[in-house]
Amino acid sequence: MPEATITAFEYEDEVGDRITVRSDEELKAMLSYYYSTVMEQRMNGMLPEPLQIFPRGTCKPLPCCLWPWVLLLSLDISVFLMCLPLFILFIYFSCLLLFVQINEQDIRYQELLGHGNGGTVYKAYHLLGKRVLAVKVIPLDITVELQKQIMSELEILYKCDSPYIITFYSAFFVENRISICTEFMDGGSLDVYRSIPEHVLGRIAVAVVKGLTYLWSLKILHRDVKPSNMLVNTRGQVKLCDFGVSTQLVNSIAKTYVGTNAYMAPERISGEQYGIHSDVWSVGISFMEVNLNHVRGDPPVLPDHPFIMKYNDGNAEVVSMWVCRCLEERRAQQLQSQGVM
Ligand code: ATP
Ligand code: MG
């Protein structure tokens, strides 16, 4: 896909899992999956359902619409005719979805997830994209020029594509507030977990290090590493959020900042130059904090490289089981305090 400006798109398989398509091979796999689904539906006397795709990356639709045509033209004429209706449906939905920008009218707010220094985060449902979102709403009294600058600085988020970084969907201004829509993580942030066993913490630490390494490879410094910006989900994924890609946004929020600088590196507090090592400092402080209940005696000393090596096995199952158990416990406690149990 040499001309592609969309970095990837996703479709849902038969169990509702999102599968990412980034290459021709994956595109072919998707089409053959859809083809067999349609055949099966036909054999069962059902009307074939259209395949919906969900774009990831910058919203420039034309190249994405061209890929299927390239594939289509390389087919044998009989296969070509058979596949034509499917391709038309595919293109119709891809264009429809690619032109869809998230806006306030299409969002249904479901619950408050928390307040931070700059704004408030809600769980919400996007009607057109048919998916759950986390929407961070930040009030900002700034000029339209600055609003435009923030929006263009946020563009880089479309390029972030890592399993350790929260997926950015869209951002928009309504009056004097910006809404930033991202992937929703059903386990929430690490700050609310009371104690994390070492075998889980190890996997979380590895994911955080990989997330930061990815950001640094894009020349992005996180600038706000702390437990509340490390999110987990019941699939065992660990992702970083709230990294400072927009200088204007960071500056505008800083004017009303009343938060803690407990995780900030000394050079940052004293106004010196900020670098990768400042993010590393914050990682250390964060893990010292979440690990506090388990640390006995002397605090751990650097280097902790063997620790990272020990848990670098990508075992999401461990984290998943732990997130599910903690959520269950939390739910039971809530019910108990409401007198249901
Ligand atoms: P700061 O404003 O400095 O980042 P914070 O991280 O505590 O401070 P917010 O970023 O506003 O505050 O987030 C508030 C809470 O919302 C978080 O603590 C987290 O529990 C929840 N949250 C944020 N983003 C998501 C998300 N994508 N999925 C699920 N929960 C989220
Ligand atoms: Mg945050």
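UniProt numbering puts the sequence shown at residues 1 to 341. Virtual Cβ for every residue (Gly too), placed ideally from N, Cα, C. Since the structure is predicted, the reported quantities are computational estimates derived from the model, not experimental observations.
Expected contact under 8 Å - CB spacing of residue i and residue j to nearest Å
i: Gly244; j: Arg268; result: Contact flag wrong, Cβ pair sits at about 12 Å.
i: Ile138; j: Ile102; result: Not quite, the Cβ-Cβ distance comes to about 16 Å (not below 8 Å), so this is no contact.
Straight-line Cα distance separating residue j from residue i
i: Asn312; j: Gly119; result: 34 Å
i: Asp13; j: Tyr33; result: 8 Å
i: Ile107; j: Val174; result: 13 Å
i: Gly284; j: His277; result: 11 Å
i: Ala254; j: Met30; result: 45 Å
i: Gly129; j: Phe90; result: 16 Å
i: Gly339; j: Arg325; result: 21 Å
i: Trp322; j: Phe80; result: 49 Å
i: residue 343; j: Val38; result: Within the shown structure, residues of the chain are numbered from 1 to 341, placing residue 343 beyond reach of any answer.
i: Phe54; j: Ser195; result: 37 Å
i: Leu218; j: Ile156; result: 9 Å
i: Ala316; j: Glu198; result: 14 Å
i: Glu272; j: Tyr263; result: 16 Å
i: Met151; j: Val238; result: 26 Å
i: Lys136; j: Gly16; result: 26 Å
i: Gln248; j: Tyr274; result: 17 Å
i: Val192; j: Leu231; result: 10 Å
i: Glu145; j: Lys310; result: 49 Å
i: Ser162; j: Arg56; result: 12 Å
i: Pro85; j: Tyr35; result: 11 Å
i: Asn117; j: Glu40; result: 52 Å
i: Gln52; j: Leu27; result: 13 Å
i: Tyr214; j: Val206; result: 12 Å
i: Tyr11; j: Pro48; result: 16 Å
i: Asn261; j: Leu113; result: 22 Å
i: Gln334; j: Val318; result: 25 Å
i: His115; j: Val121; result: 6 Å
i: Gln336; j: Gly187; result: 20 Å
i: Glu329; j: Glu111; result: 20 Å
i: Arg331; j: Met288; result: 27 Å
i: Glu104; j: Thr143; result: 20 Å
i: Cys83; j: Val280; result: 52 Å
i: Val21; j: Cys160; result: 15 Å
i: Pro306; j: Gly236; result: 22 Å
i: Ile180; j: Tyr125; result: 13 Å
i: Leu221; j: Pro50; result: 41 Å
i: Asn44; j: Ser320; result: 36 Å
i: Trp216; j: Arg42; result: 49 Å
i: Val290; j: Asp242; result: 19 Å
Short CB-CB distance (under 8 Å) between residue i and chain D
i: Val319; result: The displayed structure is made up of one protein chain only, and chain D is not part of it.
Cβ-Cβ distance between residue i and residue j below 8 Å
i: Leu327; j: Thr182; result: no
i: Ile308; j: Val209; result: yes
i: Gly211; j: Tyr158; result: no
i: Lys123; j: Ala134; result: yes
i: Pro227; j: Ser189; result: yes
i: Asn251; j: Leu240; result: no
i: Asn176; j: Leu140; result: yes
i: Val225; j: Ser270; result: no
With 16 other Cβ atoms within 10 Å as the buried cut-off, status of residue i
i: Met46; result: exposed
i: Ile88; result: exposed
i: Met185; result: buried
i: Leu127; result: exposed
i: Tyr109; result: exposed
i: Asp304; result: exposed
i: Ala265; result: buried
i: Ile19; result: exposed
i: Asp24; result: exposed
i: Ser246; result: buried
i: Val132; result: exposed
i: Gly314; result: exposed
i: Phe9; result: buried
Check: residue i C-beta below 7 Å from any heavy atom of the ligand ZN
i: Met185; result: Absent from the structure shown: the ligand ZN. Ligands present: the ligand ATP and the ligand MG.
Hey, is the stretch 192-202 in contact with the stretch 155-170, meaning 3+ C-beta pairs nearer than 8 Å? no
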